[in-house]
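Some notes on the structure that comes next.
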Amino acid sequence: MSLDHLKPPGDDRSRSPSRSPRDADKVPLESMDSTLDVAKYMISCKTRCWETQALDIFRAAGFVVISEVLSEHQCQEVLSACEEVAAQIVGPEQWGNRSNRGRYSFGVASSTGSILHVPEIAGNLLVQAGLVLHPLLEEIFSKDGKADFLCYSGGGDFVLPGVKDYQFLHGDMPMAPGDDRMPPPFLSVNFCVQPLTALNGPIRLVPGKTERDWDRRQEEPPEWRSSRLFPCPAGAALLRDVRILHAGTPNWSAATRFLPSIEYISGGLRATQDEAMFPPSRCIPRGLYETLPEPIQILCRELVAEQGSEPENEDSENLKPWQSRYWHGVTYERA
Ligand SMILES: O=C(O)CCC(=O)C(=O)O
Ligand SMILES: [Fe+2]
């Protein structure tokens, strides 16, 4: 059955990475449904005691959506910044720098592995949203009654119009056997700067499940495939333990779908001194850092780049995970 009438008008197929424009006209029925009851995982930061409810949801599912974090104006500003950065990344062939053609990660494209130097990203996501979310971040990263966490980077993903493939289900970091403890070692806060809809490539997430709950030799359960996060309003923040199984879905819409992110790590992960990750990339220019409010400066203290310092070495033999994204690229390619 054709669902052409559901497709937004004005699809510019010459920009689409789709090999077969005729197929791109047909949105399969499965793309209209979700097995995820989004309302169960979402709470507004304008609700009284929202942090408490949000923490309960996060503890059970490994993610939570906080709505009304960004205003319309902020969404617009961040969206424009994303479009500008994306224009520098996407080449004419639209190869992508993730698992599928047309899928991109912001971090990979920058010499610092981060987009925190972009003032609209730092101002709206790191600072403004960071202050709103701070009480919840403190709860999530609380250990023995003490909040212990740092900001690590800024990145996120985008998917071009016309990408018809489902991205491979994955967790974003390797898990040591037996290690699925709280607090999460790595938390990605993804921002919806556009509404997520059935058609524009909403992220899919499997509540409470990690790589350790899935034997990859088995077929993926169909309800996992359609566990897609929509409808989700612009302005919402998705706080996601990156160990939770998730992936990209097809983007049948006419627009690129962006999900920029701010990434936080636990004190426990930092203490490992894992050479593949630490020290983190110094991605915030000193001048910008000086303008940050104190609680944000504290979180970003390891990220300050001194004036005049050389850009970090991008030697491909020696890529850090935020540059090579080996967590993603290697771990979830099926042989
Ligand atoms: O863009 C998305 O919806 C998810 C992408 C993702 O998880 C990844 O590339 O690691
Ligand atoms: Fe991912």
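So the mapping is simple: this note's numbering equals the position in the sequence shown, first residue as 1, plus 5.
Quick reminder that beta carbons are idealized off the backbone N, C-alpha and C, glycines included.
All values reported here derive from a predicted model rather than from experimental measurement.
In the DSSP assignment, find the beta strand (DSSP E) that holds residue i and state where it starts and stops.
| i | result |
| --- | --- |
| glycine 160 | 154-164 |
| valine 69 | 68-72 |
| serine 49 | 47-49 |
| serine 110 | 108-110 |
Around the Cβ of residue i, are there at least 16 other Cβ atoms within 10 angstroms (buried) or fewer (exposed)?
| i | result |
| --- | --- |
| proline 189 | buried |
| threonine 117 | buried |
| lysine 51 | exposed |
| histidine 251 | buried |
| leucine 142 | buried |
| arginine 245 | buried |
| alanine 310 | buried |
| isoleucine 270 | buried |
| alanine 29 | Only weak support is given to the placement of alanine 29: the predicted model assigns it a pLDDT of 48, under 50, and the value that follows is read from those uncertain coordinates. Buried is the call here. |
| aspartate 16 | With a pLDDT of 32 at aspartate 16, under the threshold of 50, the predicted position of this residue should be treated as unreliable, though the coordinate-derived value follows. Looking at its Cβ environment, which holds 16 or more other Cβ atoms inside 10 Å, aspartate 16 is buried. |
| threonine 254 | buried |
| serine 158 | buried |
| glutamate 268 | buried |
| aspartate 149 | exposed |
| isoleucine 249 | buried |
| methionine 180 | exposed |
Name, in chain order, the residues that DSSP records as bridge partners for residue i.
| i | result |
| --- | --- |
| serine 271 | Phe154 |
| valine 309 | Ile289 |
| methionine 187 | DSSP, once it has assigned bridges, lists no residue as partnering methionine 187. |
| threonine 215 | Ile249 |
| asparagine 195 | Leu243 and Ser266 |
| methionine 1 | No statement about residue 1 is possible, as the shown extent of the chain runs from 6 to 340 and does not include it. |
| arginine 233 | Arg209 |
| asparagine 129 | According to DSSP, asparagine 129 bridges with nothing at all. |
| serine 147 | Ala152 |
| leucine 1 | Nothing can be reported for residue 1, as the shown portion of the chain is limited to 6 through 340. |
| asparagine 256 | Asn205 |
For the alpha helix (DSSP H) holding residue i, just list the boundary residues, first then last.
| i | result |
| --- | --- |
| isoleucine 120 | Premise fails: isoleucine 120 is in no alpha helix (DSSP H) and is neither H nor E. |
| leucine 41 | Taken as a continuous stretch (DSSP letters only), leucine 41 belongs to no alpha helix (DSSP H), as it is neither H nor E. |
| glutamine 5 | Outside the displayed range of the chain (6 to 340) lies residue 5, so it cannot be described from this structure. |
Closer than 8 Å, CB to CB, is residue i near chain C or not?
| i | result |
| --- | --- |
| isoleucine 145 | Going by chain labels, chain C is absent from the structure shown, which holds only one protein chain. |
Using a Cβ distance threshold of 8 Å, determine whether the segment 284-299 contacts the segment 251-266, with at least three qualifying pairs required. no
Would you call the segment 205-222 in contact with the segment 234-241, where contact means no fewer than 3 C-beta pairs closer than 8 Å? yes
Evaluate the contact criterion for the segment 93-109 versus the segment 164-172: three or more CB pairs, one atom per stretch, below 8 Å. yes
Contact between the segment 56-65 and the segment 135-150 is defined here as three or more beta-carbon pairs at a separation below 8 Å; is this criterion met? yes
Touch check for the segment 37-51 and the segment 60-79: three-plus C-beta pairs under 8 Å? yes
Pairs of beta-carbons, one from the segment 120-131 and one from the segment 35-47, closer than 8 Å: are there three or more? no
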